[in-house]
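J.:
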Amino acid sequence: MARGFAIVASLLLRRSAAFDDDEAYIVSAFQGDANFLWGSATAAAQIEGAWNISGKQASTWDDFCYSIPHRDTTDPDTFSKTCGSIPEGQSGSRWVTLDVTDDFFHTYNGDIDLLSGEYGMNAMRMSMSWPRLMPLNKSSGKHEVNPEGVKFYKDVFAMMKKRGVTPFVTLHHWDVPNDLSWLEDDIVNHFLDFAKLCFNEFPEITNWATVNEPNSICSGGYGAGVFAPGHKSTTDHLVCGHHRHMRDQSITSGNLARRATLELFSITSGHIQIQTVKQTIGQPRTTETIYLVSGLSLSSKPVITHRA
C-alpha cells in the first residue's frame, strides 16, 4: 500500500501543556500527515437513521429495537428489547431505536466536513446498509437493487473524495434484511449477490472489509440472544459462524474480483492487526502487508512495526 494504515492498540495519553485537552493533543499529533491514514470508524446501522425511507427495508436490528420478533427469536411471545436508554428530560423512540441515530443520511455533508476540517482526519471506516442497497421486492420475492440507496452512497463517496477522506468500507456490520437468517444456508448466496452489487456499483472503492466482529454477531445474536435477532442457543452460534465462513471464503476466492484490484481487510475483534489481501485478475491472491502497532505514545512519533 502507498500509505500506512494502522490500528492503535493503546493510547498512552500524555497531555502537553500546550494543549487544553487530550482531544486537541490527539488531533495535533495526527492531522496533516498524508502518509498516515487515521480517522473514524462507524457503521450504517449506528449513524444513518432514515430506517424506512428511500426504499430501505427494515433490518433485523430495526425490528429488534422495536421488540418485533424474527422467526429466529427465542420465545417470540414474550420477547422485549430496549436498545439504549432515554436521556433525562427527553422522550420518544428516537433514543432507543435506529430511526434517527446520528441522522447521517441527511447530514453527511456536515459530518464529513467536521471529520476532515475540524479533526484533520483523512480516512473513515464505514459500512453499507444491506437492506438499503438490496431490499426485498415483495412482488417478485427477490432482493433487488435500490437506485435511491446506490445514489446515497455515491453522494457520500463523492463528498469524501472532495474532502480528501479515504473510505474503508465494510460490507456487513450487523444490519441484515429482516427476511433473512444466519441459520439458513441460502443467506450465503444472498450475501454474495449483495457483495457483487457493491463491487460493481462502487468501483471507486478499493478498500473493502467483509464483516465486522463476526464472533460478536454470532455469539451475541445466536448464542446469548442479546443482539438481533435475539436467538438463544448453546450450538446455533456455530451454525451462524459456519455460514459466515462460507461467505467469506466465496468472496476472497477471487470470483468477485471484477476490477483490476480488490483489497480485502480481515478485521477481527480483539486482534490488533489488519491483513491486506490483494486480488488481481488473472494472478494468484497475495498477502501484501500486515501492520502492527504494539503501543503509542503521543509524546513521540507512532511506533509501527511492519511485516511484508
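Read in order, the letters of the sequence shown are residues -18 to -1, 1 to 290 in mature numbering (1 follows the signal peptide of the UniProt record, and there is no 0).
Virtual Cβ for every residue (Gly too), placed ideally from N, Cα, C.
#1: Within its chain, find whatever has a CB closer than 7 Å to the CB of SER49; leave out the 5 residues flanking it on each side and keep chain order.
#2: Cutting at 7 Å between CB atoms, please list the residues of its own chain near GLY66, excluding the five before and the five after it.
#3: Starting from the N-terminal side, write out each stretch of the beta strand (DSSP E) that is 3 residues or longer and does not extend beyond the stretch 166 to 235.
#4: Sorted by chain position, which residues of the same chain lie with C-beta nearer than 8 Å to GLY31's C-beta, five sequence neighbours on each side aside?
#5: In whole angstroms, what is the alpha-carbon distance linking THR216 and ILE94?
#6: Quick one, which of ILE8, HIS52 and ALA105 has its alpha-carbon nearest LEU19's?
#7: According to DSSP, is HIS125 helix, strand or coil?
#8: Please report how far the alpha carbon of ASN182 lies from the alpha carbon of ASP175, in whole angstroms.
#9: My output table needs one value for ALA23: the three-state DSSP class, helix, strand or coil.
#10: Tell me the rounded alpha-carbon separation between PRO129 and LEU115.
#11: Could you tell me if GLN39 is buried or exposed, where buried requires 16 or more neighbouring beta carbons within 10 angstroms of its beta carbon?
#12: On the three-state DSSP scale, how would you describe GLN72?
#13: How about the stretch 155 to 170 and the stretch 210 to 225: do they share at least three Cβ pairs that are nearer than 8 Å?
#14: State the beta-bridge partners of SER109 as determined by DSSP.
#15: Within this structure, are the beta carbons of THR148 and ALA191 separated by less than 7 Å?
#16: Return helix, strand or coil for ASN160, following the three-state DSSP convention.
#17: State yes or no: is the C-beta of MET108 within less than 7 Å of the C-beta of THR24?
#18: Which value, in whole angstroms, describes the spacing of the CA atoms of ASP54 and SER163?
#19: Near PRO117, what residues of its chain come up, given a Cβ to Cβ distance below 7 Å and the 5 sequence neighbours on each side ignored?
#20: What residues are listed by DSSP as bridge partners for ASN119?
#21: Closest to THR188 by CA distance: which of CYS180, GLU195 and ASN194 is it?
#22: Using alpha carbons as the reference points, say which of LYS214, SER73 and GLY71 lies closest to PRO58.
#23: By Cβ distance below 8 Å, which residues in the same chain neighbour ASN91 in space, the five residues on each side in sequence not counted?
#24: Among the candidates GLY202, ASN171, HIS225 and GLN72, whose CA atom is the shortest distance from the CA of TRP43?
#25: Can you find the residues in the same chain that come closer than 8 Å, C-beta to C-beta, to TRP33, ignoring five residues on each side of it along the sequence?
#26: Measure how close the beta-carbons of HIS154 and TRP112 come, nearest whole angstrom, since I'm counting them as under 8 Å.
T.: To lay it out plainly:
#1: Position 67 of the sequence shown, counted from the start, is the residue given in the question as residue 49. PHE61, SER62 and LYS63.
#2: One-based indexing of the sequence shown puts residue 66 at position 84. So the list reads TRP77 and VAL78, once near-sequence residues are dropped.
#3: 189 to 193
#4: On the sequence shown, position 49 is the one that residue 31 refers to. Contacts found: LEU80, ASP81, VAL82, THR83, ASP84, ASP85, PHE86, PHE87 and HIS88.
#5: Taking the sequence shown and counting its residues from 1, one reaches residue 216 at position 234. Taking the sequence shown and counting its residues from 1, one reaches residue 94 at position 112. Those two C-alpha atoms are separated by around 42 Å.
#6: What you label residue 19 is simply residue 37 of the sequence shown in a count that begins at 1. Of ILE8, HIS52 and ALA105, the residue nearest in Cα terms is ALA105.
#7: Working through the sequence shown from its first residue, we reach residue 125 at position 143. Reduced to three states, the DSSP call for HIS125 is strand.
#8: One-based indexing of the sequence shown puts residue 182 at position 200. One-based indexing of the sequence shown puts residue 175 at position 193. Looking at the two C-alpha atoms, the distance is approximately 11 Å.
#9: Within the sequence shown, numbered from 1, the residue matching residue 23 stands at position 41. It is a strand residue.
#10: For the purposes of this step, residue 129 is identified with residue 147 of the sequence shown, where counting begins at 1. For the purposes of this step, residue 115 is identified with residue 133 of the sequence shown, where counting begins at 1. Going from the Cα of PRO129 to the Cα of LEU115 covers about 8 Å.
#11: Taking the first residue of the sequence shown as 1, we reach residue 39 at position 57. By the neighbour-count rule (16 or more Cβ atoms within 10 Å), GLN39 is buried.
#12: Along the sequence shown, one-based indexing puts residue 72 at 90. GLN72 falls in the coil class under three-state DSSP.
#13: yes
#14: Numbered from its first residue, the sequence shown carries residue 109 at position 127. Paired residue(s): THR152.
#15: Your numbering for residue 148 matches position 166 in the sequence shown. Your numbering for residue 191 matches position 209 in the sequence shown. Not a contact, by the Cβ cut-off of 7 Å.
#16: As a position in the sequence shown, residue 160 is number 178, starting the count at 1. Coil, per DSSP.
#17: Working through the sequence shown from its first residue, we reach residue 108 at position 126. Working through the sequence shown from its first residue, we reach residue 24 at position 42. For MET108 and THR24, yes; Cβs fall inside 7 Å.
#18: For the purposes of this step, residue 54 is identified with residue 72 of the sequence shown, where counting begins at 1. For the purposes of this step, residue 163 is identified with residue 181 of the sequence shown, where counting begins at 1. Rounded to whole angstroms, ASP54 to SER163 spans 7 Å at the Cα level.
#19: Numbered from its first residue, the sequence shown carries residue 117 at position 135. Closer than 7 Å at Cβ, skipping near neighbours: GLY37, LYS38, GLN39, HIS125, ASN128 and PRO159.
#20: Taking the sequence shown and counting its residues from 1, one reaches residue 119 at position 137. Answer is LYS124.
#21: The residue you call residue 188 lines up with position 206 of the sequence shown. Of CYS180, GLU195 and ASN194, the residue nearest in Cα terms is CYS180.
#22: Numbered from its first residue, the sequence shown carries residue 58 at position 76. Ranking the options by Cα distance to PRO58, first place goes to LYS214.
#23: For the purposes of this step, residue 91 is identified with residue 109 of the sequence shown, where counting begins at 1. Cβ neighbours of ASN91 beyond the five flanking positions: MET141.
#24: For the purposes of this step, residue 43 is identified with residue 61 of the sequence shown, where counting begins at 1. Comparing Cα positions, the closest option is GLY202.
#25: In the sequence shown, residue 33 corresponds to position 51, counting from 1. So the qualifying residues of the chain are ALA40, SER41, ASP44, THR79, LEU80 and ASP81.
#26: The sequence position of residue 154 within the sequence shown is 172, counting from 1. The sequence position of residue 112 within the sequence shown is 130, counting from 1. The pair is a contact, with the Cβ atoms about 6 Å apart (cut-off 8 Å).
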